[in-house]
Amino acid sequence: SHTDSGRSSRSGAWGEKRVVCYYANWSVYRQGIAKFSPEYINPYLCTHLIYAFGGITEDYQLKPFDNYQDIEKDGYKKVIDLKKHNKGLKVLLAVGGWNEGSVRWSPLVADADHRKTFIRSVIRFLRTYDFDGLDLDWQYPAFRDGGRPEDKDNYAKLVQVQNTFSLYVELQVSFEREAKKSKRERLLLTMAVPAGQEYINNGYDMLVRGLLSLSYLFFLSRESLIYCFCLPNLHVSSSHTDSGRSSRSGAWGEKRVVCYYANWSVYRQGIAKFSPEYINPYLCTHLIYAFGGITEDYQLKPFDNYQDIEKDGYKKVIDLKKHNKGLKVLLAVGGSKEGSVRWSPLVADADHRKTFIRSVIRFLRTYDFDGLDLDWEYPAFRDGGRPEDKDNYAKLVQVQNTFSLYELQVSFEREAKKSKRERLLLTMAVPAGQEYINNGYDVATLNKSDDMLSRTCPNLMISPCINCITRSDDYVVDLTKLCSLQAHDILLCIENEPMESSHVWWIFQDYTVKYYLEKGADRDKLVVGIPTYGRSYTLVNPTANTFGSPAQGPGEPGKYTKEKGYLAFYEVCVSRLRGKGVERRPLNLSPGDVP
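With full-length UniProt numbering as the guide, the letters of the sequence shown map in order to residues 1 to 595.
In structure tokens, the structure reads:
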């Protein structure tokens, strides 16, 4: 959530590319995961959002399709409010649809007075509910109940000016005149047109191609006649046929999709700014809010009191559960900036652990989190790390005969029994890298106590490389060969990899997962991390830009993330558009951009 803005930079101007989406207001009545309300819509997914549908009264005026949902339940308002997040979004109201047929349309367009009445009601209606325009969706002129052969000419009259018709009553000019009079932006006028030569030739005298996000089901006369279609590299989203949600319930025995929300991403500028309300509540089974911190007296605290508490950062994330009842929201404590300064003395002292655990339970219950994610980076390493951190960290999350009953796991269980509430979850972010694992983590012991071990993919072999160049030059010589490999964040495997690369075998995904399993981690507790960012390097020789070329340091900061050697997903996309191409390493499937 902090490296992919989930948003589109398209402004919605008609001279630019358009992504037009429909929201079907009847989808709110569907049951279970199929139910889709306006607040589930990603406001940055489309340039134009069309609310379907409005209807036509017996006296040819625009009306709500469903007064209860559209007006009383604020359906219109909820969709219009999406523009508060995406200022460039245009929201239109579609009138017509399949159920409307031709019964109202055909006599409407055939009579100048009816058209005049309709157009006046349209302008009044759209301005009342703050829509940006009208989408005409007659299905179909000259067809369906009430259709007439002359519908084709009459429909054209409705949307354009001809000499024989009043400039006042026709839609196009009426919109322009109203805009001049009201000093407001002109209402947009769009039209949904069908596929099928017969419909087109008989009914229609500017085209946006539609992509279906639904399928029709047929019973075949022969079971062997089964066909399927695939559209590679294409994503289509329809709010009423694709819930945008996951059916995963979040139960630990099922598959898990664990996501992190970085609270500092709200401070980024432009399209990189990411607030909690942009999160799709159905994207993940578990959402981890990063990070909480540790006070000098070893209690859990907010990382950023202003954003987390005063600006309701915690509350906004917790409120996602109102939409997805199965979502679990945890608070991560620690992170890279916390280092070992607080952690190491905390886990070394029973009283400190007791203080910490009590504060954790109180904090999580106060802000309605479902659990705690321990993210110490890393035991026995970083500032303040000690060799004994490994054993002490295990004490924090489990109970042994010689240790206090206030250890985390049992404390969570006891609190649940006492409060009659669901037990708080306990998870842990664990690193890649054999040295980190061997010196900092008693995997078998931690596995018994934790609900989930998130095998963090971030950095893999790259952090040591960046660090040795930028922070600890004493180690440059030892790690030069390692740095020169331009390692990728998500290296899948090194089967049949050349021998000269064998000294980095321990950082690959495949090896690391197997190593955790070998050390005692359960398969159903281990979650593999997939980073949505890239690492960049400054090459020794800019023209030597293939895999294995030597690097002299981290790359330039990204426009939005402003961190050397680091590029968020959307910055990588821009880089690829401007660069010379992409080189893909076939053995581990990792791509590399050539600037």
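Don't be surprised by glycine CBs; every beta carbon is placed ideally from N, CA and C. What you are looking at is a predicted structure, and each value in this text was computed from that prediction instead of being measured.
Quick check for students: name the residue ranges of the alpha helix (DSSP H) that lie wholly in the segment 270-319, counting only runs of 4 or more.
Correct list: 313-318.
Pull up the DSSP beta-bridge partners for residue 535, would you.
Indexing the sequence shown from 1 puts residue 535 at position 535. Residue pairing by DSSP puts residue 535 in a beta bridge opposite 566.
Taking 7 Å as the cut-off, decide whether the C-beta atoms of residue 42 and residue 75 are in contact.
Here residue 42 corresponds to residue number 42 of the sequence shown, with the count starting at 1. Here residue 75 corresponds to residue number 75 of the sequence shown, with the count starting at 1. Taking 7 Å as the cut-off, the Cβ atoms of residue 42 and residue 75 do not count as close.
On the DSSP letters alone, give me the boundaries of the beta strand (DSSP E) that residue 135 sits inside.
One-based indexing of the sequence shown puts residue 135 at position 135. If you look at residue 135, you'll find it in the beta strand (DSSP E) that goes 133-138.
Provide the residue span of the beta strand (DSSP E) that contains residue 524, from first to last.
Sequence index remark: in the sequence shown, residue 524 carries index 524 (1-based). Element bounds for residue 524: n/a, residue is neither H nor E.
C-alpha distance - residue 284 paired with residue 325, whole-angstrom precision
The residue labelled residue 284 in the question sits at position 284 within the sequence shown. The residue labelled residue 325 in the question sits at position 325 within the sequence shown. Rounded to the nearest whole angstrom, the CA to CA distance from residue 284 to residue 325 is 12 Å.
Would residue 378 and residue 431 be called neighbours here (beta carbons separated by less than 7 Å)?
Here residue 378 corresponds to residue number 378 of the sequence shown, with the count starting at 1. Here residue 431 corresponds to residue number 431 of the sequence shown, with the count starting at 1. In contact: residue 378 and residue 431 (Cβ atoms closer than 7 Å).
At the level of alpha carbons, what is the spacing between residue 249 and residue 327?
Position 249 of the sequence shown, counted from the start, is the residue given in the question as residue 249. Position 327 of the sequence shown, counted from the start, is the residue given in the question as residue 327. Unreliable positioning characterises residue 249 in this predicted model, as indicated by a pLDDT of 38, which lies under 50. A coordinate reading is not provided.
Compare the beta carbon distance of residue 135 and residue 92 with 7 Å and say whether it is the shorter of the two.
Locating residue 135 in the sequence shown gives position 135, counting from the first residue. Locating residue 92 in the sequence shown gives position 92, counting from the first residue. Going by C-beta atoms, residue 135 is nearer than 7 Å to residue 92.
Residue range of the unbroken alpha helix (DSSP H) whose run includes residue 113
Taking the first residue of the sequence shown as 1, we reach residue 113 at position 113. 112-128 is the span of the alpha helix (DSSP H), which, as asked, contains residue 113.
Is DSSP giving residue 45 helix, strand or coil here?
For the purposes of this step, residue 45 is identified with residue 45 of the sequence shown, where counting begins at 1. Reduced to three states, the DSSP call for residue 45 is coil.
Helix, strand or coil for residue 343 per DSSP?
For the purposes of this step, residue 343 is taken as residue 343 along the sequence shown, with counting starting at 1. Looking at residue 343 - three-state DSSP - the assignment turns out to be helix.
Secondary structure of residue 349, DSSP reduced to three states:
For the purposes of this step, residue 349 is identified with residue 349 of the sequence shown, where counting begins at 1. Residue 349: coil per DSSP, three-state reduction.
Does the Cβ of residue 442 have 16 or more other Cβ atoms within 10 Å, making it buried, or fewer, making it exposed?
By 1-based counting over the sequence shown, the position of residue 442 is 442. Flag for residue 442 reads buried.
Classification of residue 17 by the beta-carbon crowding that lies within 10 angstroms, buried from 16 upward
Locating residue 17 in the sequence shown gives position 17, counting from the first residue. Here residue 17 is exposed. Its C-beta has fewer than 16 other C-beta atoms within 10 Å.
Please state whether DSSP places residue 550 in a helix, a strand or coil.
Counting from one through the sequence shown, the residue named residue 550 turns up at place 550. It is coil, neither helix nor strand.
Go ahead and pull the three-state DSSP assignment for residue 459.
The sequence position of residue 459 within the sequence shown is 459, counting from 1. With a pLDDT of only 40 at residue 459, under the threshold of 50, the placement of this residue in the model should not be trusted, and no figure is reported.
Ordered along the chain, which non-local residues of its own chain (more than five positions away) have a Cβ less than 6 Å from that of residue 86?
Translated into the one-based positions of the sequence shown, residue 86 becomes position 86. Only 43, 44 meet the Cβ criterion.
What is the rounded straight-line gap between the Cα of residue 166 and the Cα of residue 20?
Here residue 166 is taken as the residue at index 166 of the sequence shown, counted from 1. Here residue 20 is taken as the residue at index 20 of the sequence shown, counted from 1. Unreliable placement is indicated for residue 166, whose pLDDT of 33 sits below 50; the coordinate value is still reported in the next sentence. About 31 Å.
State the start and end residues of the unbroken beta strand (DSSP E) segment that holds residue 63.
Locating residue 63 in the sequence shown gives position 63, counting from the first residue. Here the beta strand (DSSP E) through residue 63 covers 62-64.
State yes or no: is the C-beta of residue 333 within less than 7 Å of the C-beta of residue 307?
Along the sequence shown, one-based indexing puts residue 333 at 333. Along the sequence shown, one-based indexing puts residue 307 at 307. Cβ atoms of residue 333 and residue 307: not closer than 7 Å.
Can you tell me the Cα-Cα spacing of residue 517 and residue 68, whole angstroms?
On the sequence shown, residue 517 is found 517 positions in, with the first residue counted as 1. On the sequence shown, residue 68 is found 68 positions in, with the first residue counted as 1. Spanning the alpha carbons of residue 517 and residue 68 requires a straight line of approximately 55 Å.
Opening and closing residue of the alpha helix (DSSP H) in which residue 417 lies:
Here residue 417 refers to the residue found at position 417 of the sequence shown. Note, residue 417: alpha helix (DSSP H), 408-419.
Nearest to residue 294 (by Cα), restricted to the options 329, 108, 363:
For the purposes of this step, residue 294 is taken as residue 294 along the sequence shown, with counting starting at 1. The shortest C-alpha separation from residue 294 is found at 363.
How many angstroms separate the CA atom of residue 96 from the CA atom of residue 321?
Against the sequence shown, residue 96 aligns to sequence position 96. Against the sequence shown, residue 321 aligns to sequence position 321. Distance between the alpha carbons of residue 96 and residue 321: 35 Å.
Considering only C-alpha positions, which residue in the set 336, 414, 319, 102 is nearest to residue 369?
Working through the sequence shown from its first residue, we reach residue 369 at position 369. Minimum Cα distance to residue 369 is reached at 319.
Does the Cβ-Cβ distance between residue 527 and residue 258 come in under 7 Å?
Working through the sequence shown from its first residue, we reach residue 527 at position 527. Working through the sequence shown from its first residue, we reach residue 258 at position 258. With respect to residue 258, residue 527 sits close: the two C-beta atoms are nearer than 7 Å.
Ordered along the chain, which non-local residues of its own chain (more than five positions away) have a Cβ less than 6 Å from that of residue 260?
For the purposes of this step, residue 260 is identified with residue 260 of the sequence shown, where counting begins at 1. Cβ neighbours of residue 260 beyond the five flanking positions: 288, 290.
Count the other CB atoms within 10 Å of the CB of residue 542; is the residue buried (16 or more) or exposed (fewer)?
The residue you call residue 542 lines up with position 542 of the sequence shown. It counts as exposed.
Report yes if the CB atom of residue 331 is closer than 7 Å to the CB atom of residue 292, and no otherwise.
Position 331 of the sequence shown, counted from the first residue, corresponds to residue 331. Position 292 of the sequence shown, counted from the first residue, corresponds to residue 292. Closer than 7 Å, so yes.
Tell me the rounded alpha-carbon separation between residue 411 and residue 352.
Numbered from 1 along the sequence shown, position 411 holds the residue referred to as residue 411. Numbered from 1 along the sequence shown, position 352 holds the residue referred to as residue 352. CA-CA distance, residue 411 to residue 352, rounds to 15 Å.
Closest residue to residue 524 among 72, 83, 255 (Cα-Cα distance)
Your numbering for residue 524 matches position 524 in the sequence shown. Just measuring C-alpha positions, the residue of 72, 83, 255 sitting nearest residue 524 is 255.
Kindly indicate which residue of 422, 365, 357 has the alpha-carbon position closest to the one of residue 408.
The residue given as residue 408 occupies position 408 in the sequence shown. Taking only the C-alpha atoms, the option nearest residue 408 is 357.
Whose C-alpha, out of 540, 36, 546, 58, is nearest the C-alpha of residue 554?
Locating residue 554 in the sequence shown gives position 554, where the first residue counts as 1. For the residues 540, 36, 546, 58, the minimum Cα distance to residue 554 belongs to 540.
Using the Cα positions of residue 109 and residue 27, report the straight-line distance between them to the nearest angstrom.
The residue labelled residue 109 in the question sits at position 109 within the sequence shown. The residue labelled residue 27 in the question sits at position 27 within the sequence shown. A direct Cα-to-Cα measurement between residue 109 and residue 27 gives close to 30 Å.
Give me the Cβ distance between residue 186 and residue 175, rounded to the nearest whole Å; I'm assuming they're in contact under 8 Å.
Walking along the sequence shown from the start, residue 186 turns up at place 186. Walking along the sequence shown from the start, residue 175 turns up at place 175. Taking 8 Å as the upper bound for CB-CB distance, residue 186 and residue 175 are in contact here, some 5 Å apart.
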